[in-house]
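Colleague: Quick one: this structure, given as structure tokens, is what I'll be asking you about.
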Amino acid sequence: MKTKNLIVRCSALSKIMTKSRSKSSPLSETAKTFVMEKAKEDFYGIRPNISNKFTEKGIRNEDLGIEMVNQSRFMEFKKNTERISTDWLTGECDINTGDKIIDIKCSWSFDTFPAFQEEAEKSVKKSGYDWQLRGYMMLYNRPMGEVIYCLTTTPPDLLSPYDDTDLHDVEHIDINNRITSVKVERDEVKESEILMQYKIANEYYKECMAELETKINK
């Protein structure tokens, strides 16, 4: 039976794009771990539900973040609901303006919100959001991507008694001071790197699947 291809979400692209520290392996340990986890999930047909208070806030406050951006920029952006998939890449961006892709990131608290431009640009690189945007730009065929960090009030039920509410209740701060954005232009060279790295990851994925298949034949 022919093994299917590895399918990568745009949000996980950074995992296969991490640099390998080994001269003998083109894949980093982070990339290998990711591929093995994907192979395991696909082989057994089980998807772990990975959720925590940080991701939960991001999901629940996404609409609020979009509304903040609309108020700040006098726009009427709507939440995108179209997921696009190819035979190896899949993603659903937050906002598709028609000429660029926007991804909303709701910071957990005041102290994790990147208020400065330099801080935000470093955060985009460190978190791999730039690779996520590049994936979206490929899928939706857009020349520009933008990450917009939004500082929003945290839903009370996500807070523990140890959380400082002063760092989470931010409605008194002007909206324009609660938004920081970073733009990423489409880059053919970077996309070539993605495709090259994906091919390597996909070969490793097939090796992992083949190893799991041997369990059936034993």
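Residues 17 to 234 (the working numbering) make up the sequence shown, in order. The C-beta atom is built at its ideal place from N, Cα and C for all residues, glycine as well. Since we're looking at a predicted model, the values are computed, not measured.
Using the Cα positions of residue 90 and residue 31, report the straight-line distance between them to the nearest angstrom.
Modeller: The residue given as residue 90 occupies position 74 in the sequence shown. The residue given as residue 31 occupies position 15 in the sequence shown. Each residue's Cα considered, the two are about 36 Å apart.
Colleague: Classify residue 148 as buried or exposed, calling it buried when 16 or more other Cβ atoms lie within 10 Å of its own Cβ.
Modeller: In the sequence shown, the residue the question calls residue 148 occupies position 132. Answer is buried; the Cβ neighbour count reaches 16.
Colleague: Quick one: what's got a C-beta closer than 8 Å to residue 84's C-beta in the same chain, skipping five residues either side?
Modeller: Counted from its first residue, the sequence shown places residue 84 at position 68. Correct list, in chain order: 166, 168, 191, 194, 195.
Colleague: Do the CB positions of residue 23 and residue 104 come within less than 9 Å of each other?
Modeller: Counting from one through the sequence shown, the residue named residue 23 turns up at place 7. Counting from one through the sequence shown, the residue named residue 104 turns up at place 88. Yes, the Cβ-Cβ distance between residue 23 and residue 104 is below 9 Å.
Colleague: From this set, 58, 133, 150, which residue's C-alpha is nearest residue 208's C-alpha?
Modeller: Here residue 208 refers to the residue found at position 192 of the sequence shown. Of the candidates 58, 133, 150, the one whose C-alpha sits nearest the C-alpha of residue 208 is 150.
Colleague: Is the segment 155-163 close to the segment 70-80, with three or more CB pairs under 8 Å?
Modeller: Contact fails: fewer than three Cβ-Cβ distances are below 8 Å.
Colleague: Span of the alpha helix (DSSP H) holding residue 79?
Modeller: If you number the sequence shown from 1, residue 79 lands on position 63. Per DSSP, residue 79 belongs to the alpha helix (DSSP H) from 78-89.
Colleague: For residue 213, count neighbouring Cβ atoms within 10 angstroms of its own Cβ and tell me buried if that reaches 16, exposed if not.
Modeller: The residue given as residue 213 occupies position 197 in the sequence shown. Under this definition residue 213 is a buried residue.
Colleague: Can you tell me whether residue 108 is helix, strand or coil according to DSSP?
Modeller: In the sequence shown, counting from the first residue as 1, residue 108 sits at position 92. Note: residue 108 maps to coil in three-state DSSP.
Colleague: Using C-beta distances below 7 Å, list every residue in its chain close to residue 126, excluding the 5 sequence neighbours before and after it, in chain order.
Modeller: As a first step, residue 126 must be located in the sequence shown, where it is residue number 110. Closer than 7 Å at Cβ, skipping near neighbours: 167, 183, 186.
Colleague: Could you give the residue range of the alpha helix (DSSP H) that holds residue 51?
Modeller: For the purposes of this step, residue 51 is taken as residue 35 along the sequence shown, with counting starting at 1. First-last of the alpha helix (DSSP H) with residue 51: 45-60.
Colleague: Could you check if residue 139 is buried or exposed, using at least 16 other CB atoms within 10 Å of its CB as the buried criterion?
Modeller: In the sequence shown, the residue the question calls residue 139 occupies position 123. Classification of residue 139: buried, given that the 10 Å Cβ count is 16 or more.
Colleague: Based on the DSSP secondary-structure assignment, which residues constitute the bridge partners of residue 161?
Modeller: Stepping through the sequence shown from its first residue, residue 161 is reached at position 145. BP columns for residue 161 point to 117, 200.
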